[in-house]
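In the working numbering, the protein residues as written are 180 to 333.
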Ligand code: 4NP
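What follows is the structure in structure tokens.
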């Protein structure tokens, strides 16, 4: 089974939403995957997702209330096939902590959907509803492309 880890800064907005969206799209496609999410920052460890992220995910019928924030660990680099960073600073932090024996492929989540036109999933934490909606829209595009990629390997 393929395994994917989604990484943002706080693990309370973008990456819990990413986990839920990829779970949702893969379930719709009838493909079993193992997913998780984590943050590069330890500040929110143990917390449920941001109330706004919960509400916007719920608009899609996705219940993310049970997710709890955790920090990325070096073990994640062997446990997961692929690690998807939401933005460049998350990717830089992952590169910095990557152990020499890492087996995971680490990249920006939007590298899955290069034609979307945005390389980074913007941090919605200090913004409004539109930011959270954009996160969902971008992640849906990325998840769809990964499913296509698995169905038609190059
Ligand atoms: P996330 O959003 O990385 O999408 O979970 C953030 C959540 C919290 C903070 C920053 C970004 N923070 O600085 O506390």
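All C-beta atoms in this analysis are idealised placements derived from N, C-alpha and C, irrespective of residue type, glycine included. Being a predicted model, the structure only gives us computed values, none of them experimental.
Environment of residue i [buried if 16+ CB atoms lie within 10 Å]
i: residue 179; result: What is shown of the chain runs 180 to 333, which leaves residue 179 out entirely.
i: residue 238; result: exposed
i: residue 331; result: exposed
i: residue 329; result: exposed
i: residue 180; result: exposed
i: residue 285; result: buried
i: residue 235; result: buried
i: residue 280; result: exposed
i: residue 293; result: exposed
i: residue 253; result: exposed
i: residue 291; result: buried
Pair within 8 Å by beta-carbon distance, residue i and residue j
i: residue 250; j: residue 195; result: no
i: residue 188; j: residue 214; result: no
i: residue 255; j: residue 262; result: yes
i: residue 289; j: residue 322; result: no
i: residue 191; j: residue 242; result: no
i: residue 283; j: residue 324; result: no
i: residue 183; j: residue 260; result: yes
i: residue 216; j: residue 197; result: yes
i: residue 248; j: residue 224; result: yes
i: residue 185; j: residue 326; result: no
Those residues which DSSP pairs with residue i across a bridge
i: residue 187; result: 218
i: residue 341; result: Coverage of the chain is limited to positions 180 through 333, which leaves residue 341 absent and any answer about it impossible.
Three-way DSSP call (helix, strand, coil) for residue i in this model
i: residue 327; result: helix
i: residue 246; result: coil
i: residue 299; result: coil
i: residue 230; result: helix
i: residue 264; result: strand
i: residue 193; result: helix
i: residue 284; result: strand
i: residue 203; result: helix
i: residue 253; result: coil
i: residue 240; result: coil
i: residue 349; result: The question about residue 349 has no answer here: the residues shown for the chain are numbered 180 through 333.
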